[in-house]
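Chains as they are written, first to last, in this note's numbering: chain A, -11 to 165; chain B, 19 to 162; chain C, 115 to 755.
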């Protein structure tokens, strides 16, 4: 009996691997790495202003009672260009958007904003990706929805497309209640 | 250059996210050691077990990716401040989950992984035992 | 029209594979000598046609025929001829054609030379080989046709990724493929034997040279791959435990176990079922390694690269061949009569231990490579890398080294503990003394590495002991092969352990004119200046190096910038000395006039690859020795035709 079982063990092991591989092939699982900070208060950070015309980004200033978006972006990031119109739309809808500019230079960001639109109230300078790492973000662009008490309630990974806008507005409305 | 690069290159051609590099130079501590050799050794050991989040399965200790460089700088800074490697790892796992560590912690999910070698040895001994006959002093050895 | 000729040859080869399967099946059932002779001829013809087809593809690449889609997408008329040549397999379709060509050549080779095993088993073996080939022919013809025309022809090719233009990379995949596919012969032999139930020493002797040659190719492929990783990646690492590397290591581990168990079967008629199992597993690992990993299911963070049609096709083939063979094994193996048993303390006993430990390491690599896939299915992201593989496999590997010391010193059938103790005394003393000396003098606290070094010293001594009191001239070649391969393992382990215990690292940012130290070296950054290569521009550092007490020398590490596609590569400059390598890399500028310089002093690291070469040489000698030895008595004795 024991021998009988062991003889079939390799086939069983292969069947398991086969099953998982087939599943992964036909129904690829979600491989995005979500931030573990969702649901937790925004980590303490005080980012210097990148541009002269507006403040940097400081966690302490967030307890305004009004939910907002925190957009992790960079002027050298191509999908950031793609999401710029959606951010403008969100701004037009009255959403306050702050930004963390990852590894960027003021001239480059100024050029980027004048070309693709400027939705940001504050822009924090993150020259060594330290803020990005503290947020649990693994790429640009990413957008965090932050409630009025400074808690992260949602993370959007990748560029915001037109179809994502309602979802983000809903999350903001939810956070406001 | 080997197969892994071939695959990385092939995937890079098709994969959607465009990885561009910023114009800023890497962080000082991304490519420079800590002054204290003991702390550097600690940091080095930790970095070898942390996964670069944007690479094709490399640790941050041997990746040229910008983010890997920034993660190295972060690790060295925190170790230099006097944090323990375990604290730094915990800080990162809090943010990126177990994905960020190449040294998976023992949990219900990883138990089969760590127990399998023992199981295999047991099964192997079971199989091997059948091949051994009873000790028979009349059998003589043979040279090869 | 030569592309069409290549395609026609491929269709014909596929048709012949079908005929071969039918004839082989008939010959295996009836035992008819005429049918077997016909099967042999068809196998050879199939091999020749496949080679012809692959030859045509190479010709198309050499001619830069841009009316062929594959050439236009992967080549360029200005490329050096070597990369045109290698371009033929540097892509999905071409590498699949190479794979099936090697498969058909191996089948043809078996049909040509194999005279020892009984006709029915040989017929079944050739049928099985054809059955494997048919699946891959179908895959190529239906889903990966390399001869597809482009209308109108492209004016110029898209070129080969500059990262891939390396003489090493050009010949690395074929070397591994010869190893992977060579194991298909062992697989087919096992399937044939399971069908006819003829498992014994004659069968093992027939299979052994094929296992050895495949294993030699795998050893060379892995050793060379490791060295290229070392000099190209620019961080001084030589093994990263990533899925692609593991994919080549797993068949090697299975083949290593197999070539030891097949010796037990050939010499003592033991381990029958186990040898069959290993033969099936070795080629299964080759297929899983090549395809599961290449499919992108495992490696990639961005797995969209998988073409679902191709992926499903390949997965179905894996399911049919591996699942079929394992099912056949399960159903038939209980009817394979048990071979002879043996004593615990005997050569066979040590070889069983060797097989057990190698299988455990194989299991560790296998589960470590595939576990992230399982975790993902449960919605968890998991990373498994060097820390797991080292922790789990190194202790097992160290025990295996001890078994490797003992094995060749033991007699077949039965030995005594006392005799074993006397034989092991010298290597044991060497190991203990080496460990004591290292612990006292080296200053390293990497105990595992020091144990590795000590055991390597013991293994080196134990490996040459079988030559003791022998007439060296009359010692058979295969014994020499074993001795050299085992010494190679000791040498390689010494290199690995030495790198782990003694490497020195220096990462600094230097202005020109500034100097730093690493290990016994003084390194001065004399200058950094631009340079122009054939298809790249570069920044090149001029390093003045002096070793305490030695003559000064210069090294020129650089950064290469390619424009199409935009890629930056670090080109390490390595100085090889008798006792190790100085490894230097130029990084980026820091923006304030300094340059990042990475330096490593790696004592004895070259032993890793030197040992690998010795292992391959030993395997080659063993194969030649076995072939020569078995030709003599077998001539005319049991000739099938």
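From the three backbone atoms N, C-alpha and C, an ideal C-beta is built for every residue, glycine too.
Any Cβ of chain A closer than 8 Å to the Cβ of residue 62 of chain B would place that residue at the interface, and such an atom is absent.
For the pair residue 377 of chain C and residue 159 of chain C, the Cα-to-Cα distance works out to about 32 Å.
With a cutoff of 8 Å on beta-carbon distance, residue 365 of chain C and residue 321 of chain C are scored as not near each other. When secondary structure is reduced to three states using DSSP, residue 190 of chain C falls in the coil class, being assigned neither helix nor strand.
Using a CB distance cut-off of 8 Å, residue 51 of chain B counts as an interface residue toward chain C. Ranked by Cα distance from residue 457 of chain C, the options C/219, C/707, C/529 and C/584 are led by C/529. Distance from the CA of residue 344 of chain C to the CA of residue 687 of chain C, rounded to the nearest whole angstrom, comes to 11 Å. For residue 116 of chain A, the C-beta contacts it makes with chain B under 7 Å involve 45, 88 and 91, in order along the chain. Excluding residues up to 5 positions away in sequence, 76, 78, 81, 83 and 86 lie with their Cβ nearer than 6 Å to the Cβ of residue 70 of chain B in the same chain. When C/406, C/729, C/517 and C/220 are compared, the shortest CA-CA separation from residue 425 of chain C is found for C/406. Look at residue 47 of chain B here: in three-state DSSP terms it is helix.
Shown here, residue 459 of chain C sits in coil according to DSSP, grouped into three states, outside any helix or strand. Exclusion of the five residues before and after residue 95 of chain A leaves no residue of its chain whose Cβ lies closer than 6 Å to its Cβ. Boundaries of the beta strand (DSSP E) around residue 697 of chain C: 694 to 703. With fewer than 16 other beta carbons inside 10 angstroms of its own, residue 434 of chain C counts as exposed. Residue burial annotation: residue 718 of chain C is buried, with at least 16 other C-beta atoms found within 10 angstroms of its C-beta. Of all residues in the region 49 to 64 of chain A, only 62, 63 and 64 come within less than 9 Å of chain B when Cβ atoms are compared, listed by chain position. Comparing C-alpha distances from residue 130 of chain C to each of C/194, C/676, C/152 and C/694 shows the shortest one belongs to C/152. Excluding sequence positions up to five before and after residue 625 of chain C, its CB lies within less than 7 Å of the CB of 707 and 708, all in the same chain and listed in chain order. C/637 is the residue among C/602, C/627 and C/637 whose C-alpha sits nearest the C-alpha of residue 619 of chain C. When 7 Å is used as the limit between beta carbons, residue 426 of chain C is near these residues of chain A: 13, in chain order. Between residue 125 of chain A and chain C, the shortest Cβ-Cβ separation is not below 8 Å. Listed along the chain, the chain C residues whose CB falls inside 7 Å of the CB of residue 5 of chain A are 484. Rounded to whole angstroms, the separation of the alpha carbons of residue 87 of chain A and residue 58 of chain A is 5 Å.
For residue 618 of chain C, the pairing in a beta bridge is given by DSSP as C/715.
Relative to the Cα of residue 161 of chain A, the nearest Cα in the group A/127, A/136, A/148 and A/28 belongs to A/136. Counting the other CB atoms within 10 Å of its CB gives residue 256 of chain C a total below 16, which places it among the exposed residues.
For the alpha helix (DSSP H) assignment, the uninterrupted runs of no fewer than 4 residues enclosed by the region 428 to 491 of chain C are, from N- to C-terminal side, 438 to 446 and 461 to 491.
Neighbours of residue 85 of chain B in chain A, taken as residues at a C-beta separation under 9 Å, are given in chain order as 117, 120, 121, 126 and 127.
Spatial neighbours of residue 578 of chain C in its own chain (CB-CB distance under 8 Å, excluding positions within 5 residues in sequence) are listed in chain order as 597 and 601. DSSP places residue 310 of chain C in the uninterrupted alpha helix (DSSP H) bounded by 281 to 310.
Distance between residue 127 of chain C and residue 617 of chain C, taken at the CA atoms: about 53 Å. Counting C-beta atoms within 10 angstroms of its own C-beta, residue 114 of chain A has 16 or more neighbours from the protein chains shown and is therefore classed as buried.
Taking C-beta atoms under 8 Å as the contact rule, residue 113 of chain B and residue 33 of chain A fail to qualify, at a distance of about 13 Å. Listed as beta-bridge partners of residue 29 of chain A by DSSP are A/139. Residue 685 of chain C: member of the beta strand (DSSP E) spanning 681 to 685, first to last residue.
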